[in-house]
Each structure stands twice: as C-alpha cells, then as structure tokens.
Amino acid sequence: MTTNLPIDLYDLGNIAYRDALDWQRAKAAEVRAEISADALAFLEHPPVFTMGGRGGDDHMLLSENDLRERGADLIMTDRGGDMTFHGPGQLVLYAVLNLRRRSLRPVDHVRCLERTVLDTLADFGLRGRTVKGRPGVWIGSQKIAAIGVSIRGGATMHGAALNVTNDLTWFNAIVPCGLHGLGVTSMTRELKNAPRMSDVMAAAAAAFAEVYQADVVPAALAMEPHGGH
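Just so you know, my numbering puts 106 at position 121 of the sequence shown, and the rest follows in order with no gaps.
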C-alpha cells in the first residue's frame, strides 16, 4: 500500500441516496483523472432499500408499493452485494479512492473497510468479527455493518454502512444481504444505550486514517442542503 496520500473528509449530512450517488460519480471522475484527492464521505440516508448486483426479488419480503407506503424508496444500484437498508441513525461511509494510486487490490480495499469498522467498534468496547466469503462485520450471528463497493477504472465508490442508532425493524422487510436466518444488530442494541453519532464519526475517521495509512483531512462541504448530526 502506498502511504501518506491525503484523503479529503466530507460530512454530507442526511442526503437522498440518488444525490449521494451523483456526488460519488462526480468525485470518482476527478479521482480517476488524478485531479482531486481521494475522498471519504460520512452521511445518513432517508429510508431507502438498495439492491446490488447480486440481489434478487426473492429477497424482498414486501412489495415495492408497500415499501413506498411505509416511506422508503427502492433503488437498483451499481455496487456489489445484495439487498440492504439505509436510514437515519446509520452511519454510511462512502470511500472514493484511486486504488492504483494507492497500490491496493480490490480485495485489499474490502478488507480495509472491514478493519475500519472493526476498529471503530473496538473504540466503544464492542468486539466485531468478519466471516469468510461474507463481506461485512458481525457481532455474534448478527450483522452490524454491510459492505459493498464498485470499482471502475481503478476508482472506488460506495463502502460501508454501520448500524448505530437506526430503527432495525426496517430490515424485517427484506432478507438482509440475501442471508436467510441471520439477523441484524446495532451499536445501540449492543451497548444498551445510544452513542453520539459525532463520536462514532470521529472514531471511524481515525480508524480509516490508521487502516489506510493516510492523512484524513476535513474538506469544505460539497453539497447543500446539509443536515446536522
């Protein structure tokens, strides 16, 4: 891994999934062309179910109309992985990195994202684990973070989604990540109290910097409107 390459940190607040996707695509084009530093974005989404390349309708337990009536969108997306949910109280980390510039293989990137989540949890006294062949992070048999990425021209998009204080009942509408019989959990459930999102973000930024051996530097806000944490 090539070290000491800076990473710009953006706090995009609570932002619609499609708007965040547009932001990632624009940033990835800059990163791919090496006219911009790599980027890490922290954000939350309004309720949305997303289906990656390995997803299938059999992993939806409610119809799309039912999901919309409950206030959630359903979006097909270009990341890897299966079906998952994003919503308020879940910390989403989107990493837009030039892997070639960092001498990282795609599998290295996924392992680094997992390690970032593991180290973030450890800061709060939680012991996560990884499972071979199942990208993401688990506590026991419960999944606490989903990971899915896309890579084009050596530039990454998407990343990790860590359940912090989010309402887990939304996951009852799907088979999370296509894994039958396994549940989901959150930091709030495991800690028996709700951590502050700002504290989780600070821990995640420090963990990301350590794992990727890079200086993570706050950048100017990239989008408006901006939601607070």
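We put the beta carbon where it would ideally sit given N, CA and C, even for glycine.
Only a predicted model underlies this, so the values are computations on that prediction, with no experimental measurement involved.
**Message:** Going by DSSP in three states, Arg17 sits in which element: helix, strand or coil?
**Reply:** helix
**Asked** So is Lys117 buried or exposed if we call it buried at 16+ other beta carbons inside 10 Å?
**Response** exposed
**Closest Cα partner of Leu106 within the set Tyr(-5), Leu176, Val202 and Val201** = Leu176
**Request:** Could you check the C-alpha separation between Gly163 and Glu195 for me, to the nearest Å?
**Result:** Unreliable placement is indicated for Gly163, whose pLDDT of 46 sits below 50; the coordinate value is still reported in the next sentence. Gly163 and Glu195: Cα-Cα distance of roughly 31 Å.
**Asked** With 16 as the cutoff for other CB atoms within 10 Å, does Val102 come out buried or exposed?
**Response** buried
**Reference Met36; option with closest CA among Asp200, Ile132 and Asn148** = Ile132
**Request:** Please indicate yes or no: does the CB of Thr101 lie closer than 7 Å to some heavy atom of the ligand FAD?
**Result:** As for the ligand FAD, it is missing from this structure, which has no ligand bound.
**Request:** Using beta-carbon positions only, say whether Val95 and Gln127 come within less than 8 Å of one another.
**Result:** no
**Message:** Let's see if you can read the secondary structure: which residues bound the alpha helix (DSSP H) around Ala179?
**Reply:** Counting along the chain, Ala179 falls outside any alpha helix (DSSP H), and DSSP gives it neither H nor E.
**Prompt:** Does the region 21 to 35 come close enough to the region -12 to 4 that 3 or more CB-CB pairs lie under 8 Å?
**Reply:** yes
**Request:** For Asp108, name the three-state secondary structure that DSSP assigns.
**Result:** coil
**Asked** Run through DSSP, which three-state label would Val92 get?
**Response** helix
**Prompt:** In the structure shown, what three-state DSSP assignment does Val149 receive?
**Reply:** coil
**Asked** Measuring CA to CA, which of Thr(-13), Ala204 and Val201 is closest to Asp93?
**Response** Thr(-13)
**Asked** Measuring CA to CA, which of Met142, Arg174 and Ile136 is closest to Thr154?
**Response** Arg174
**Request:** Tell whether a beta-carbon distance below 8 Å holds between Ala13 and Ala140.
**Result:** yes
**Asked** If you count every other CB in all the chains shown that lies within 10 Å of the CB of Gly40, and 16 or more means buried, which is it?
**Response** Annotation note: pLDDT 45 at Gly40 (below 50); position unreliable, no value reported.
**Asked** Got a sec, what are the start and stop residues for the alpha helix (DSSP H) Leu84 sits in?
**Response** Leu84 to Arg87
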